[in-house]
Every structure is written in structure tokens, then in C-alpha cells.
Amino acid sequence: MYAIVNIAGQQFKVAKDQHLFVHRLQGDEGASIEFD
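If you want my numbering, it's the position in the sequence shown, counting the first as 1, plus 18.
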């Protein structure tokens with residue numbers, strides 16, 4: 019199963035436990051971010 023998410027103005031196809039590289043997102047390099 020997958021989902022289409024909109025992050026920082028871009029759409030991504032993601033699956034559970036997938037790692038994703040996103041441009042223009044504030045935070046420390048290598049840090050984890052959770053989306054609900």
C-alpha cells in the first residue's frame with residue numbers, strides 16, 4: 019500500500035517505513051520528522 023503526500027509544495031509516493039529526501043524542509047540534517 020502507498021500514499022501520495024504533498025510536502026513543501028511537491029508530491030511524493032510513499033510507503034510505510036520508507037525514507038524520503040525532501041528539499042527545502044527546515045530541520046537538522048539526518049533528523050527524523052513525522053507527519054500525521
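Every residue gets a Cβ at the ideal spot worked out from N, C-alpha and C, and that includes glycine.
Short of 6 Å from the beta carbon of residue 31, and not among the five residues preceding or following it, lie these beta carbons of its own chain, in chain order: 20 and 22.
For residue 26 and residue 38, the gap between their C-alpha atoms comes out near 13 Å. Secondary structure of residue 33 (DSSP, three-state): coil. Under the three-state reduction of DSSP, residue 44 is assigned to coil, being neither helix nor strand. Secondary structure of residue 21 (DSSP, three-state): strand.
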